[in-house]
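Number of protein chains: 2
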Amino acid sequence: MLRLFHRCVRDHRVTTHLFLTARAFGANGVIYSGLRDSQLEDRILRTVDVWGGPFHVEFHENWKQAVANWKKKGGEVIHLTMYGLPLESAIKGIKDSSRDKLVIVGGAKVPLEVYELSDWNVSISNQPHSEVSALSIFLHELFEGKELSKAFKDAKIRIMPQRKGKKVVEL
Amino acid sequence: MLRLFHRCVRDHRVTTHLFLTARAFGANGVIYSGLRDSQLEDRILRTVDVWGGPFHVEFHENWKQAVANWKKKGGEVIHLTMYGLPLESAIKGIKDSSRDKLVIVGGAKVPLEVYELSDWNVSISNQPHSEVSALSIFLHELFEGKELSKAFKDAKIRIMPQRKGKKVVEL
Numbered sequence: 026m027l028r029l030f031h032r033c034v035r036d037h038r039v040t041t042h043l044f045l046t047a048r049a050f051g052a053n054g055v056i057y058s059g060l061r062d063s064q065l066e067d068r069i070l071r072t073v074d075v076w077g078g079p080f081h082v083e084f085h086e087n088w089k090q091a092v093a094n095w096k097k098k099g100g101e102v103i104h105l106t107m108y109g110l111p112l113e114s115a116i117k118g119i120k121d122s123s124r125d126k127l128v129i130v131g132g133a134k135v136p137l138e139v140y141e142l143s144d145w146n147v148s149i150s151n152q153p154h155s156e157v158s159a160l161s162i163f164l165h166e167l168f169e170g171k172e173l174s175k176a177f178k179d180a181k182i183r184i185m186p187q188r189k190g191k192k193v194v195e196l
Numbered sequence: 026m027l028r029l030f031h032r033c034v035r036d037h038r039v040t041t042h043l044f045l046t047a048r049a050f051g052a053n054g055v056i057y058s059g060l061r062d063s064q065l066e067d068r069i070l071r072t073v074d075v076w077g078g079p080f081h082v083e084f085h086e087n088w089k090q091a092v093a094n095w096k097k098k099g100g101e102v103i104h105l106t107m108y109g110l111p112l113e114s115a116i117k118g119i120k121d122s123s124r125d126k127l128v129i130v131g132g133a134k135v136p137l138e139v140y141e142l143s144d145w146n147v148s149i150s151n152q153p154h155s156e157v158s159a160l161s162i163f164l165h166e167l168f169e170g171k172e173l174s175k176a177f178k179d180a181k182i183r184i185m186p187q188r189k190g191k192k193v194v195e196l
């Protein structure tokens, strides 16, 4: 089980990219706090309805409690941050652990407590880029590329890959 | 030489993530068309100033001409799209070619001509997610993970990776 955790502070467009990436690249769901946005939730649930699941979206008022609950149930917490230890050195230990994983991706202004609460603070390079990139590369390394051909249940449409142009089939 | 090409249609926040990802993960620069945004350009150039380069940002009024120029000079064009051939099958051919690469990442509403003009239409999974994710995974596979420890010239600061907390040094 792997869930994304995100504290949404302002930009729902980037948050949408983050949640869609979590779904597409193998997370089972997302827990988020901060600004609640029912349009965002609807958008993700519509994607699940059309493209398949399962993928869960949960909102928690209190981020600390959500993280504490996760740890209480035996799960571990992985925080993606440009200040953390390189992915290249951390990934083996993370893959070797069979514990449920909560992946925290913050963007700007992550409280310092998150660094303390996390079992792993992991950097996807130490350069500034994007929480969407960090999440993508983390999941890609964790799932060893298998996430790119993940099958989803109850999808209504599917793309047939083409050399040129677009082909979508209804299922 | 590898450049990102992007037609900016509305969302400059996502465009910023895209350009920063291009820089961090090994592209030499970006050519963009559509809506010009000097704030966006300044933001990227400030990042280059602080975190190092080289990384170029160019605006072209006419996207077709920009792509045609690239091809005329012998470069190839790789279009990342959920409708294309799987990265897993395309990446070897792309790596084997020594031609300069223009990576087109569009988001919604890419004109069909782009599919025709491109040497490669490549999908990073056939699921909906994010152009930022698509670019990240493409560059990560192309550069085989070496991009994560890329050195930048004339950086003014650098992060010292930490197990907990943040450490930044001035150079």
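If you're matching them up, the sequences are chains A and B in order. Counting the first sequence from 1 gives a position; my numbering is that position plus 25. Counting the second sequence from 1 gives a position; my numbering is that position plus 25. Where is the CB? At the ideal position from N, CA and C, for every residue including glycine.
Identity of the residues DSSP links to residue i by a beta bridge
{"i": "V55(A)", "result": "L29(A) and V82(A)"}
{"i": "S148(A)", "result": "P111(A)"}
{"i": "E101(B)", "result": "K126(B)"}
{"i": "K178(B)", "result": "G78(B)"}
{"i": "I184(A)", "result": "V193(A)"}
Counted within 10 angstroms of its Cβ, other Cβ atoms place residue i as buried (16 or more) or exposed
{"i": "M185(B)", "result": "exposed"}
{"i": "K126(B)", "result": "buried"}
{"i": "V128(B)", "result": "buried"}
{"i": "I69(A)", "result": "buried"}
{"i": "N151(A)", "result": "buried"}
{"i": "L137(B)", "result": "exposed"}
{"i": "A91(A)", "result": "buried"}
CA-to-CA distance, residue j to residue i, given in whole angstroms
{"i": "D62(A)", "j": "H37(A)", "result": "8 angstroms"}
{"i": "L164(A)", "j": "S148(A)", "result": "13 angstroms"}
{"i": "S58(A)", "j": "K89(A)", "result": "10 angstroms"}
{"i": "A115(B)", "j": "S122(B)", "result": "11 angstroms"}
{"i": "M26(A)", "j": "N146(A)", "result": "19 angstroms"}
{"i": "T41(B)", "j": "L65(B)", "result": "7 angstroms"}
{"i": "A180(B)", "j": "E83(B)", "result": "21 angstroms"}
{"i": "W76(A)", "j": "I182(B)", "result": "43 angstroms"}
{"i": "Y140(A)", "j": "G190(B)", "result": "6 angstroms"}
{"i": "Q187(A)", "j": "S161(B)", "result": "21 angstroms"}
{"i": "H104(B)", "j": "E156(B)", "result": "11 angstroms"}
{"i": "E86(A)", "j": "K97(B)", "result": "55 angstroms"}
{"i": "P153(B)", "j": "R71(B)", "result": "32 angstroms"}
{"i": "V193(A)", "j": "V130(B)", "result": "20 angstroms"}
{"i": "R19(A)", "j": "A52(A)", "result": "This structure cannot settle anything about residue 19(A), because the visible part of chain A is limited to 26 through 196."}
{"i": "K134(A)", "j": "I56(A)", "result": "18 angstroms"}
{"i": "D74(A)", "j": "D67(A)", "result": "10 angstroms"}
{"i": "V39(B)", "j": "T106(B)", "result": "16 angstroms"}
{"i": "L60(A)", "j": "L60(B)", "result": "29 angstroms"}
{"i": "G118(B)", "j": "V102(B)", "result": "13 angstroms"}
{"i": "G275(B)", "j": "G99(A)", "result": "The question about residue 275(B) has no answer here: the residues shown for chain B are numbered 26 through 196."}
{"i": "C33(A)", "j": "H31(B)", "result": "26 angstroms"}
{"i": "E169(B)", "j": "E169(A)", "result": "13 angstroms"}
Endpoints, beta strand (DSSP E) assigned at residue i
{"i": "E195(B)", "result": "V193 to E195"}
Proximity winner among the options, relative to residue i (alpha-carbon distances)
{"i": "G10(B)", "options": "Q64(B), L29(B) and C33(B)", "result": "Chain B is shown only over 26 to 196; residue 10(B) falls outside these bounds and no answer can be derived."}
{"i": "A49(A)", "options": "W88(A), F80(A), E66(A) and H31(A)", "result": "F80(A)"}
{"i": "A93(A)", "options": "F44(A), V193(A), D144(A) and L167(A)", "result": "D144(A)"}
{"i": "K120(B)", "options": "L167(B), A91(B) and T106(B)", "result": "L167(B)"}
{"i": "K178(B)", "options": "L196(B), E169(B) and P136(B)", "result": "L196(B)"}
{"i": "A159(A)", "options": "S174(A), Y108(A), A176(A) and K117(A)", "result": "Y108(A)"}
{"i": "L142(B)", "options": "I56(B), L110(B) and W95(B)", "result": "W95(B)"}
{"i": "L173(A)", "options": "E113(A), L43(A) and A47(A)", "result": "A47(A)"}
{"i": "K171(A)", "options": "R32(B), L60(B) and E113(B)", "result": "E113(B)"}
{"i": "P111(A)", "options": "K175(B), F44(B), C33(B) and L43(B)", "result": "K175(B)"}
{"i": "G78(A)", "options": "H31(A), C33(A) and F44(A)", "result": "F44(A)"}
Extent of the continuous alpha helix (DSSP H) to which residue i belongs
{"i": "L45(B)", "result": "H37 to A49"}
{"i": "E169(B)", "result": "Per DSSP, E169(B) belongs to no alpha helix (DSSP H) and is neither H nor E."}
{"i": "V139(B)", "result": "L137 to L142"}
Under 7 angstroms from the C-beta of residue i: neighbouring residues of chain E
{"i": "D62(A)", "result": "Annotation note: the requested chain E is absent from the structure, which comprises protein chains A and B."}
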